[in-house]
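J.: Here the protein sequences line up with chains A and B, keeping their order.
Just so we're aligned, residue 1 is where the first sequence starts under the working numbering, counting upward by one.
Just so we're aligned, residue 114 is where the second sequence starts under the working numbering, counting upward by one.
Cβ coordinates follow ideal geometry from the N, Cα and C atoms, glycine included.
Let me give you the structure first, and then I'll get to my questions.
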Amino acid sequence: AQSVTQLDSQVPVFEEAPVELRCNYSSSVSVYLFWYVQYPNQGLQLLLKYLSGSTLVKGINGFEAEFNKSQTSFHLRKPSVHISDTAEYFCAVSGNTGNQFYFGTGTSLTVIP
Amino acid sequence: NAGVTQTPKFQVLKTGQSMTLQCAQDMNHEYMSWYRQDPGMGLRLIHYSVGAGITDQGEVPNGYNVSRSTTEDFPLRLLSAAPSQTSVYFCASSQFYRGGGQYFGPGTRLTVT
Chain A
1 AQSVTQLDSQ VPVFEEAPVE LRCNYSSSVS VYLFWYVQYP NQGLQLLLKY
51 LSGSTLVKGI NGFEAEFNKS QTSFHLRKPS VHISDTAEYF CAVSGNTGNQ
101 FYFGTGTSLT VIP
Chain B
114 NAGVTQTPKF QVLKTGQSMT LQCAQDMNHE YMSWYRQDPG MGLRLIHYSV
164 GAGITDQGEV PNGYNVSRST TEDFPLRLLS AAPSQTSVYF CASSQFYRGG
214 GQYFGPGTRL TVT
């Protein structure tokens with residue numbers, strides 16, 4: 001089975017500053033990794049995903065994430081945040097033996113003007 | 114292309130009542146799933162389906178039933194509502210290969226009194 005740990009439940013950051021949201025996973029098999037964003041009172045939207053190949057993955061809205069197999073991490077980064085990035089961010093993993101997705105508990109990003 | 118739709122958006126039930134949450138997608142996705150989202154717990158998988166006529170249990174299936182008679186629809190039934198089922202419910206779909214990200218509906222906010 002897989003599991004996901006998001007190390008920070010809340011991350012406040014000033015506008016135009018960089019941000020990193022941390023995600024670690026555990027799995028005994030090869031995995032696919034995802035980051036989703038949830039704006040207030042909405043469903044989740046896919047930001048980016050890692051399937052294979054280059055460990056640096058670029059997504060929408062200027063976000064990127066780096067897959068680190070040795071550290072079992074998939075941290076999300078953005079070099080300069082905007083007010084509109086204020087949202088809940090979820091890391092998720094699925095194994096290559098099934099179709100179940102496992103989500104972390106989420107990180108609430110608040111961008112301060 | 115409406116994506117994933119859910120009805121109703123809000124619902125209040127009394128303990129012991131039953132109801133069905135509706136979910137439909139128009140993307141011809143084989144894989145559909147139901148999650149519940151509770152504060153501090155992320156998303157937890159209730160049931161999922163990899164195609165019409167095929168369903169399976171997720172992490173928290175007790176108290177819920179599903180069926181998948183068509184590719185498009187995946188209703189979730191609460192058999193006898195309990196206050197512990199107060200939550201926000203999300204339906205999601207994806208193509209049936211494990212590298213696909215999921216498309217989420219807007220959610221149903223359910224309160225059981």
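Could you give the DSSP three-state label for P219/B: helix, strand or coil?
T.: Your numbering for residue 219/B matches position 106 in the second sequence. P219/B falls in the coil class under three-state DSSP.
J.: Please check if any C-beta of chain B sits within less than 8 Å of the C-beta of G59/A.
T.: Indexing the first sequence from 1 puts residue 59/A at position 59. For G59/A, the answer is no, since every Cβ of chain B falls outside 8 Å of its Cβ.
J.: Counting only beta-carbon separations shorter than 8 Å, does L156/B have a partner in chain A?
T.: On the second sequence, residue 156/B is found 43 positions in, with the first residue counted as 1. Taking Cβ atoms only, chain A reaches closer than 8 Å to L156/B, which makes this a yes.
J.: Taking the C-alpha atoms as reference points, what is the distance between Q2/A and S80/A?
T.: Sequence index remark: in the first sequence, residue 2/A carries index 2 (1-based). Sequence index remark: in the first sequence, residue 80/A carries index 80 (1-based). Taking the straight line joining both Cα atoms gives about 32 Å.
J.: Scan the segment 142-175 of chain B for residues whose Cβ lies nearer than 7 Å to a Cβ of chain A and list them as they occur along the chain.
T.: Within the segment 142-175 of chain B, the qualifying residues are Y144, G153, M154, G155, L156, L158, Y161, V163 and G171.
J.: Find the residues of chain B that neighbour Q100/A, judging by a C-beta separation of less than 9 Å, and give them in chain order.
T.: Here residue 100/A is taken as the residue at index 100 of the first sequence, counted from 1. Result: S146, L158, Y161, D169, G171 and E172.
J.: Out of S182/B, L191/B and G213/B, which has the shortest C-alpha to C-alpha gap to L46/A?
T.: As a working note, residue 46/A is residue 46 in the first sequence. Comparing Cα positions, the closest option is G213/B.
J.: With 8 Å set as the bound, which would you pick, yes or no: does the beta-carbon of G43/A sit closer than that to a beta-carbon of chain B?
T.: Reading the first sequence from its first residue, position 43 is the one you call residue 43/A. Cβ-Cβ to chain B under 8 Å: yes for G43/A.
J.: To the nearest angstrom, how far is it from the Cα of R77/A to the Cα of N68/A?
T.: As a first step, residue 77/A must be located in the first sequence, where it is residue number 77. As a first step, residue 68/A must be located in the first sequence, where it is residue number 68. Distance between the alpha carbons of R77/A and N68/A is about 14 Å.
J.: Does Q215/B have its Cβ less than 8 Å from a Cβ in chain A?
T.: As a first step, residue 215/B must be located in the second sequence, where it is residue number 102. Interface residue, yes.
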